[in-house]
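Going by this note's numbering, the letters in the sequence shown line up with residues 2 to 906, in that order.
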Amino acid sequence: MTFVGRDQELRCLAAEFERARAGLPRLVVVEGPAGIGKTTLVQRFLETCGTGNVLFTDGDEGEALLPYGTLTRLFGGLPAQVEAPAAAEPPDPLAVGAALLPELSERQASEPLCLVVDDVHWADAPTLRALTFCLRRLRVDRVMAVLMLREAATLPGPEGLRRLIAADTTRRLRLRGLREPEVAALAGGRVSQRAVSRLVAHTEGVPLHLRALLEEVPPEALDDLAQPLPAPRSYTMLVLAKVARCAPPVRELVGAVSVLGMSCPLHLAARVAGVAEPLQALEQVVREGVLLERSSSRGPVTAFAHPLIRAAVYRDLGPAHRSALHARAALVAEGEQARLRHRIEAVAGPSPELAAELAELGRAQVRLGAFGGAAEHLKAAAELSGDPAPLAAEAVEALLLDGRVDEAAGLTASLPDDAHPAVRGYALGHLAMVRGQVEEARAQLITAWERAGPPESGLAARAAQQLAMLCLVKAEGGQAARWAERARDSPGYRLSIDYNRFTELTGLAVSGEIDAALAATAGLPPPASATIADLDALLGRGLLRTCSDDLAGGLADLSGVVAACGERSVPFRMLATAMLGQVEYRSGRWDDAALHTETAASVADDADQRWLSPICHGLAALVPASRGDWPLAESHVRAAVAGADSVAALAHGCSAAAHLAAARGDHAATVAALEPLLAVEVHDIVYEPGVVQWLDLFVDALVGLGELDRAETCLVAVERLAGRRGRRSALATAARCRGGLHAARHENALADAAFTTALAHAGAGVQGGSGAHAGVGAGLPFDEARLRLAYGRFLRRLGRRRQAQSHLEPALGLFAKLGAAPYVGRCEQELSACGLPRAEPGASPLLRLTPQEQAVARLVATGMTNRQVARELVLSVKTIEYHLGNAYAKLGVSSRVALTTKLMH
Numbered sequence: 002m003t004f005v006g007r008d009q010e011l012r013c014l015a016a017e018f019e020r021a022r023a024g025l026p027r028l029v030v031v032e033g034p035a036g037i038g039k040t041t042l043v044q045r046f047l048e049t050c051g052t053g054n055v056l057f058t059d060g061d062e063g064e065a066l067l068p069y070g071t072l073t074r075l076f077g078g079l080p081a082q083v084e085a086p087a088a089a090e091p092p093d094p095l096a097v098g099a100a101l102l103p104e105l106s107e108r109q110a111s112e113p114l115c116l117v118v119d120d121v122h123w124a125d126a127p128t129l130r131a132l133t134f135c136l137r138r139l140r141v142d143r144v145m146a147v148l149m150l151r152e153a154a155t156l157p158g159p160e161g162l163r164r165l166i167a168a169d170t171t172r173r174l175r176l177r178g179l180r181e182p183e184v185a186a187l188a189g190g191r192v193s194q195r196a197v198s199r200l201v202a203h204t205e206g207v208p209l210h211l212r213a214l215l216e217e218v219p220p221e222a223l224d225d226l227a228q229p230l231p232a233p234r235s236y237t238m239l240v241l242a243k244v245a246r247c248a249p250p251v252r253e254l255v256g257a258v259s260v261l262g263m264s265c266p267l268h269l270a271a272r273v274a275g276v277a278e279p280l281q282a283l284e285q286v287v288r289e290g291v292l293l294e295r296s297s298s299r300g301p302v303t304a305f306a307h308p309l310i311r312a313a314v315y316r317d318l319g320p321a322h323r324s325a326l327h328a329r330a331a332l333v334a335e336g337e338q339a340r341l342r343h344r345i346e347a348v349a350g351p352s353p354e355l356a357a358e359l360a361e362l363g364r365a366q367v368r369l370g371a372f373g374g375a376a377e378h379l380k381a382a383a384e385l386s387g388d389p390a391p392l393a394a395e396a397v398e399a400l401l402l403d404g405r406v407d408e409a410a411g412l413t414a415s416l417p418d419d420a421h422p423a424v425r426g427y428a429l430g431h432l433a434m435v436r437g438q439v440e441e442a443r444a445q446l447i448t449a450w451e452r453a454g455p456p457e458s459g460l461a462a463r464a465a466q467q468l469a470m471l472c473l474v475k476a477e478g479g480q481a482a483r484w485a486e487r488a489r490d491s492p493g494y495r496l497s498i499d500y501n502r503f504t505e506l507t508g509l510a511v512s513g514e515i516d517a518a519l520a521a522t523a524g525l526p527p528p529a530s531a532t533i534a535d536l537d538a539l540l541g542r543g544l545l546r547t548c549s550d551d552l553a554g555g556l557a558d559l560s561g562v563v564a565a566c567g568e569r570s571v572p573f574r575m576l577a578t579a580m581l582g583q584v585e586y587r588s589g590r591w592d593d594a595a596l597h598t599e600t601a602a603s604v605a606d607d608a609d610q611r612w613l614s615p616i617c618h619g620l621a622a623l624v625p626a627s628r629g630d631w632p633l634a635e636s637h638v639r640a641a642v643a644g645a646d647s648v649a650a651l652a653h654g655c656s657a658a659a660h661l662a663a664a665r666g667d668h669a670a671t672v673a674a675l676e677p678l679l680a681v682e683v684h685d686i687v688y689e690p691g692v693v694q695w696l697d698l699f700v701d702a703l704v705g706l707g708e709l710d711r712a713e714t715c716l717v718a719v720e721r722l723a724g725r726r727g728r729r730s731a732l733a734t735a736a737r738c739r740g741g742l743h744a745a746r747h748e749n750a751l752a753d754a755a756f757t758t759a760l761a762h763a764g765a766g767v768q769g770g771s772g773a774h775a776g777v778g779a780g781l782p783f784d785e786a787r788l789r790l791a792y793g794r795f796l797r798r799l800g801r802r803r804q805a806q807s808h809l810e811p812a813l814g815l816f817a818k819l820g821a822a823p824y825v826g827r828c829e830q831e832l833s834a835c836g837l838p839r840a841e842p843g844a845s846p847l848l849r850l851t852p853q854e855q856a857v858a859r860l861v862a863t864g865m866t867n868r869q870v871a872r873e874l875v876l877s878v879k880t881i882e883y884h885l886g887n888a889y890a891k892l893g894v895s896s897r898v899a900l901t902t903k904l905m906h
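Okay, here's the thing in structure tokens:
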């Protein structure tokens, strides 16, 4: 086949591949209408780029509903660690995406890897979500991914993929039609210049149409202005003319292939077509250029030469013929999903029996957590049902729980105008909730609750579940608990929305009933053996324990839930991962906290979960802010603040911004960041101790600005509530703030007493504290370090230098272990001002490293291999090698043993 033009596009592809060769992973998106030459361009590039390390596959419209069909063809199967038994539900796309990272690392070991997916718009959703997760986590890998699609703006894939395509770092090539010199070269001198001009004007330079006309229309006809040319839209007629030249059995075989998909085993097509000698039939249609023949271990496979050819053949079959072929295909197709798809296509109108079967299958998948497959079956059931709206509402719910918000919005918009108010209200309310439109969600869900009769009892229960979560994000904890209880007591209650118990427990906790909530969780099993309801309650108990200073218990619950919740909904997994990151941050396990909160924020963005995204980004900002990674912290703060449409989101966004300002020592910015919270009139979440940390930052900043009376007013309220709750961390924090306020007023004896009280509440004596209940001293290292820094600064300014040093040195050690570089600098400054011999020679060597290098070095020092570290941090092995090499250079070591020794000392 002659290749002409596209020189600029080939140069762009070559340049991007050289960047990938140098260790800069690249994504190239090739766009253009059908027939414009996307596949031909990329194949030409692959022939000339000098690498045989290529993974190539294409989306198949017939396999769009087959989970991981495209990915399986791309990699030859799913990664071994996530491959499910044949009868099991498909694995989670995020787990598959993480498992692809070591696979890509191996494949790029000897030479750069080029990963190509054609017809992305027809790839199945799980494949696209897994690839998106994987591609977003390539850092220094020699990988170039090429995605070919018709129009990125209308891509039905996941939101995360659309954002990845739209990113500034993605190279997008939009193919246009061929110009006259290129068409002349394509024609090979067989037509005149007038014919060339006519062809370009007629086809707009689309290569597929040009080739068809050059093959089918004689040169003299192309030059004859009086003879009309077939219109480009009549490409179908050119295809059908080729098929018509074939014998009847051959035509039947082609029609059977079009029903089975873009490609299929020849023996299946023969059985559907009723053709006894398929090889003879195939030979003729291959000569016509309609079908291609490929070999496989299971015998000959036939495929259409181009998707437009298949579309032309399929549309020309006629409704009755098409239905009959699908009915035959349903009897012979391989796999239950494929047979079911053909049964659906074979139905000519409503089929209550098939709709009921599909609905029951979808509901069973919901109970198993397979929300993606459930949505497809429920949508199909709705289309075949005499009353589609109720099943469509269930499909909307499944789509939202699977993180496919745009598809859910499209299905919601298609609900009939005469749908039952409860059905319409639930679908619109749940969608508005996920999009963060809190007031719209409340109005619609109340309608669903109030208008639901006995036939809609299931929708009423689910509306109550959503209202419970809505009240929680609006900081109405008591109301949240009451709605969750109503949902549980409703006759139609089921566990399709799987965070109802979490919502009830959290509602009680944020409204001051944490002890009662904890009492209600006694006797729960370990997460590994928990049921759906148990995992829901364990998630709630993990948060309760975190807020009540039982950090070890919170870690145990939440880490177990995260490990066991792979088959739960996208919102549940985000909540669990974000809450785990929160308790890890408070416990001083900052590398783990950064990993989990970053993952939660990334998934929230990918799945377009706007109601949770600000909370996840707010939590993800805490570690980089405290470590001085300003660009990363700022990006999370911007995302948190921009999407803060609820009280819970506002509280986390303001807290994140304040932590960033406090780490920079900017008191005015800290106050400005927190001012919006002062206008919030509800108590829950905002003021309840242990939920969102901000009041101590506010008091400290006011003291730093000299606004002592205002600080006093705020602190009195903090102390009152801390005393009422009796939690040691809240009491210690309030006493520290009181010490700082007394110090600013030069009330030295009172300040000394307040700091001493804070240490007593914290369980952290001069030497670091001990005992069974060591409180902050054992469980909240960042809080302890801040307390000791504040007390040490106060003592140093009184001239009590040795006492100051006895607090500043432990503070320095804690900050250094956490990698809190801004606070290490303050400690160093105070210790230098003491002018005394130092017990410690200096700060931790980890502070010389970037946060990413620190995380890698810490894990390597525990004995992990690079592959294990990559799995833990959800990065590629190549990225781990890159960061580890940088750490070696900065620390002056050349081996893992030397690195471990350096960090130990």
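Glycine residues also receive a C-beta, built at the ideal position from the N, C-alpha and C atoms.
With 16 other Cβ atoms within 10 Å as the buried cut-off, status of residue i
i, result
"Thr532", "exposed"
"His322", "exposed"
"Val717", "exposed"
"Gln467", "buried"
8 Å Cβ cutoff met for residue i and residue j
i, j, result
"Lys475", "Val648", "yes"
"Val5", "Phe57", "no"
"Val700", "Cys655", "no"
"Ala736", "Ala755", "yes"
"Leu309", "Leu214", "no"
"Met263", "Asp61", "yes"
"Leu401", "Val439", "no"
"Gly165", "Val184", "The amino acid occupying residue 165 in the given sequence is Leu; Gly does not appear at that position. Against a cut-off of 8 Å, the Cβ pair of Val184 and Leu165 comes out as no contact."
"Leu432", "Ala410", "yes"
"Glu395", "Leu416", "no"
"Ala453", "Ala420", "no"
"Gly740", "Phe795", "yes"
"Pro1", "Leu651", "Past the boundaries of the shown model lies residue 1; the chain is included only from 2 to 906, so the question cannot be answered."
Three-state class that DSSP yields for residue i in the structure shown
i, result
"Cys50", "coil"
"Leu525", "coil"
"Pro266", "strand"
"Phe305", "strand"
"Arg175", "strand"
"Arg569", "coil"
"Ala680", "coil"
"Ala812", "helix"
"Cys115", "strand"
"Leu223", "helix"
"Ala871", "helix"
"Leu156", "coil"
"Gln240", "First, the amino acid is wrong: residue 240 is Val here, not Gln. Correct three-state label for Val240: helix."
"Glu294", "strand"
"Glu146", "The amino acid at residue 146 is misidentified as Glu; the sequence shows Ala. If DSSP states are grouped into helix, strand and coil, Ala146 belongs with the strands."
"Glu841", "Per-residue confidence for Glu841 stands at a pLDDT of 49, beneath the threshold of 50, marking its modelled position as unreliable; the derived number appears in the next sentence. Coil at Glu841, not helix or strand."
"Gly256", "helix"
"Ile686", "coil"
Residue-chain proximity (residue i, chain B), Cβ-Cβ < 8 Å
i, result
"Ala110", "Of the protein chains in the structure, only one exists, and it is not chain B."
Which full runs of the alpha helix (DSSP H) of 4+ residues lie inside the segment 712-759, going along the chain? The segment 712-759 contains, as complete alpha helix (DSSP H) runs of 4+ residues, the segments 729-745 (chain order).
Complete beta strand (DSSP E) runs within the segment 459-542 (minimum length 3 residues, chain order): Entirely contained in the segment 459-542, not one beta strand (DSSP E) run reaches 3 residues.
Touching or not, the segment 251-263 and the segment 198-216, by the rule of three or more beta carbon pairs under 8 Å? Counting C-beta pairs closer than 8 Å gives fewer than three between the segment 251-263 and the segment 198-216, which falls short of the contact rule.
In chain order, which alpha helix (DSSP H) runs of at least 4 residues are fully inside the segment 569-633? Runs found: 571-588, 591-607, 614-621 and 623-628.
Which full runs of the alpha helix (DSSP H) of 4+ residues lie inside the segment 7-81, going along the chain? 8-22, 39-49 and 70-76
Taking contact to mean at least 3 C-beta pairs separated by less than 8 Å, is the segment 367-383 in contact with the segment 563-583? Touching, per the Cβ criterion.
Taking three-plus beta-carbon pairs below 8 Å as touching, is the segment 10-21 in contact with the segment 162-179? yes
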